Structure formats: structure tokens, C-alpha cells
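Please read the structure below before turning to the comments.
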Amino acid sequence: MPQTPGLRPIAKTHPDETRINNRRLLLQEIFDRGPVSRADASRTTGLGRATVSDITAGLLAEGLVVESGQGASTGGKPPTLVELDPAGRFTVAVDLSRHPIEAALLNLRGRIVATAAGKTLDPTGSEVLEETHRVIGELVGEATAPALGIGIGVPGAVAQDGRVVLSEQLEWTDIDLRDQLEDVYGLPTYIASDAEAAAVAEFGRTSSDPVLRMLYVKVDDRVAVGIITSARLNRTPIRGGDLTHLTMAGWDDPCGCGRTGCLGTRLSMIQILGPDYIDMTTEGRNRLAAETTPRVDEAARYLGSALAPVVMALDIDKVVVGGQLARWFSVSENVATGIESYGGWAPEVTVSHLGPSAVVLGAAAMVLSGELGVVWG
Ligand SMILES: [Zn+2]
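First residue of the sequence shown? That's 87 in the numbering used here, and the numbers climb one at a time after it.
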């Protein structure tokens, strides 16, 4: 049973632990460098030839890898190569933060092979569950191989046991989402906040340099944060929180929560672009975005100042801005200015390039790392 989103539980000492670790090591090697011969895999992983052959036989039987022709001969019989079968398993990923909700079916390479969307623009309460079941059912039906699991990104606070503690957007309080979905589909299910899921996607795909501590901030209806503090993604807990109602000293704009001066009052896209934003098309949002650049630049500097204490305290190496705010090119510069004005320095700040798929990509990556112990490089 999965424990922490995206985390391969660091198990108690277990007789099978070495075998599980060896399998993970070899599978990651095949993910990263396949097609590869067993001899080469043995050399690069440091695993014995017999161990590699044995694990490979298991992976072939499970349908995760396939034999794919022959490599160059080094004198004797040419070696048979082994590579990942991208269609060997599928993952269903759902982004409940979108309007309407969006879901995707991904292959083992992390490529989106099918998508599904909810029918209601802003579902709440039990409507969200109905829509979630509908999109999952639709995509599971399209999979041509067994599903590895389900990954969900939720706009709100998610507990370690997969319960959604609170989601303002979905009007959910204490929803036992993981257990409910596992009961229905019989598939391992990983739940995280949308920002945590997007952080996983961003961390896995866009770091050219080794980033140890990354803060991902997703700004759209809310201001949500996902933090990864280890280079070993499949061993690290992902943490996150919500800064929407962080009260800023000296601010007095009234907030929907009843208080004044919340960060969300100047940062959420509704505040920046106006209330019609939710119902706008992507094209309309982009057009409006261009017209509102000065307000967005100001908002990005506020965001930087709000993030500064977190960045300083955790010694963050890289800040990635995602969500709707990532549409503006000037955002990274202004967030950096905001951080620097409070902290005296700023780490590298970039905007996410994964676009609106970040949450589903990350939710699928959580399943992959949880179930197979591997990450997309
Ligand atoms: Zn508030």
C-alpha cells in the first residue's frame, strides 16, 4: 500500500530489500539508457551478470521490458538488447485543480497517450467525485495494458494517508480520496496537492544541474507551494503548503476568507485578471495577460517577498514559478527581485515550461516512483 506520494517507503530491513533495490537500479538503467545488453547493464550498475539476467527475466515476464534486437558483437555471439516497453503499463493521472478537471493516460515513458476532461467547469462536493470517476473510468478503458496506478493532484491540503483535509476550490473537507479510489479500481493510488505533484514533474524533467532543494510555487486561483529537498526523488518526501491566506503586514485588501491582507488578494489570477478569468478561453487569458503585465510584475515581486523567508530558511537552490502566473516572461526576474529585497540574495528563479500538463505529469511520476522505484530523467 502506498504511503507517501512519490515516495518509495524506506522500508524496515526486509529480506527482499536488496532484491528490490537491485531491480530498481537495473530498471532505472534500462529507462535511462536502453536498449542495453545485459553485459553493459552489469558493468554500469555494478550488479553481477547472474543478478542482471535473473532480474531481466522477471522484468520480461512482467511485460515491463522487451528484447529488441542485437547489439554489436565483441568477438562472440552478438548480445541481445533489452529496452523499456513504453506500452507495458499505463498510469492514470488526474488534475483536480483545472477548470474543468483534466485527466491523462500516460505510458511508461511519461508520454500522454489519451486525455479526458470533466463536464462541469467548476465542480464542487460530490460532483467532483462523480467527474473523477468518470474520467478515470474512461481512461482505464482506453489503456491497452494493465494500469500501474492512479495519481491525483488536488487543489488543497492532502494528508500523508491520502485524505484531502481541505480544498476550498472543490468544497471538500476531510475526503478519504485514496481509500475510496483504491476500493473502486483496485489500483495503487497516490494523492498529493497540485503544487506538490507539479513540483515532482518539474524536478524530474528540467534540472540540468543537480538541484538539491527546489521550491515550486503554483499561482492561479491559489498560491500553493511544493518543496523537494533531496536529489534522490524516489527517496524524498515532498512537502507542500498553501500561502493564499498568508497575511502580509501593511496590506488591507479584503479577502474572501473574511480577513484582510492575504497574499491571495494581490496574487491569485482572479485578483490580477478579474473575476471573468475563470470562464475565459486560453486565448482570452493570454490576451488579457499581455494587457496586465504591470500588475503581474508587481504581483510577482510580492510573491518573491512572501517566499523570501521560506527560501532563506530552507536554503533553496532553485525556485520555479508555475500555474497561470508562468505565462508571463518577466515573472522570474520580478520574483527574484522580491526575494532579494528581503533576503539580500536570490537563488535561480525560472518559470515552468511544462505548461498546464505539469500536474498530471507529476501525478503520473509519483505513481512511477512509488510502484517501480524509478524516475523520469
Ligand atoms: Zn484570505
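Every residue gets a Cβ at the ideal spot worked out from N, C-alpha and C, and that includes glycine.
The structure presented is a predicted model; accordingly, all values stated were derived computationally and were not measured.
Note that the C-beta distance between glycine 350 and cysteine 341 is below 9 Å. The beta carbon of histidine 331 sits closer than 8 Å to the beta carbons of Cys341, Cys343, Arg345, Cys348, Leu349 and Gly350 from its chain, once the five residues preceding and following it are set aside; these are given in chain order.
Close CB contacts of valine 152 within its chain, under the 6 Å cut and outside five residues either way in sequence, are with Asp171 (chain order). Every unbroken stretch of the beta strand (DSSP E) spanning 3 or more residues and falling wholly within the region 195-267 is given here in chain order: 198-203, 233-240, 250-253 and 258-261. Residue burial annotation: threonine 177 is buried, with at least 16 other C-beta atoms found within 10 angstroms of its C-beta. The beta-carbon separation of threonine 131 and leucine 112, rounded to 6 Å, stays under the 8 Å limit for a contact. Taking C-beta separations shorter than 7 Å and ignoring five residues to either side along the sequence, the partners of threonine 210 in its chain run Leu256 and Glu257, following chain order. The beta carbon of glycine 344 sits closer than 8 Å to at least one heavy atom of ligand 1. Counting of Cβ neighbours within 10 angstroms places alanine 143 among the exposed residues, the total staying below 16.
In the three-state reduction of the DSSP assignment, serine 391 falls in the helix class, which pools H, G and I. Checking the 8 Å criterion, the Cβ of glycine 336 is out of range of every heavy atom belonging to ligand 1.
Per DSSP, the continuous alpha helix (DSSP H) segment holding aspartate 140 begins and ends at 135-148. The region 405-414 and the region 376-395 touch, with no fewer than 3 CB-CB distances between them shorter than 8 Å. Buried is the label assigned to aspartate 181, since at least 16 other Cβ atoms lie within 10 Å of its Cβ. Contact between valine 453 and glycine 235 holds, since their C-beta atoms are separated by about 4 Å, short of 8 Å.
Counting only residues of its own chain and dropping the five nearest sequence neighbours on each side, threonine 137 has a CB closer than 7 Å to the CB of Asn108. Cα atoms of threonine 259 and glycine 242: separation of roughly 10 Å, rounded to the nearest angstrom.
Not one heavy atom of ligand 1 sits closer than 8 Å to the Cβ of glycine 327. For glycine 174, the shortest C-beta to heavy atom distance toward ligand 1 is 8 Å or greater. Bridge pairing for leucine 191: Val178 and Ala200 [DSSP]. Look at threonine 351: its beta carbon is less than 8 Å from one of the heavy atoms in ligand 1.
Under the three-pair Cβ rule at 8 Å, the region 422-442 does not count as touching the region 155-162. Relative to ligand 1, the nearest heavy atom lies less than 8 Å away from the CB of threonine 330. At a Cβ-Cβ threshold of 9 Å, valine 405 and threonine 436 count as neighbours. Non-local beta-carbon contacts of arginine 105 in its own chain, meaning distances under 6 Å to residues more than five positions away in sequence, are absent. Non-local beta-carbon contacts of isoleucine 198 in its own chain, meaning distances under 6 Å to residues more than five positions away in sequence, involve Ala190 and Leu192 in chain order. Judged by DSSP secondary structure, aspartate 328 falls outside any alpha helix (DSSP H) and instead within the beta strand (DSSP E) spanning 324-328. Setting aside the 5 residues that flank it on each side, glutamate 282 is surrounded in the same chain by Pro91, Gly312, Ile324 and Gly326, each with a C-beta closer than 7 Å to its C-beta; the list follows chain order. As DSSP reads the structure, valine 168 sits in a beta bridge with Val122 and Glu153. Nearest to valine 168 by alpha-carbon distance, out of Ala179, Leu150, Arg175 and Ala422, is Leu150. Looking at the backbone, the Cα of serine 443 and that of leucine 263 are separated by about 22 Å. In the displayed model, valine 460 falls within coil according to three-state DSSP, outside both helix and strand. Collapsing the DSSP output to three states places glycine 408 in a strand. When DSSP states are grouped into helix, strand and coil, serine 183 belongs to the coil group.
A straight line joining the alpha-carbon of alanine 202 with that of valine 221 spans about 6 Å. The alpha-carbon separation between arginine 124 and valine 214 amounts to approximately 47 Å.
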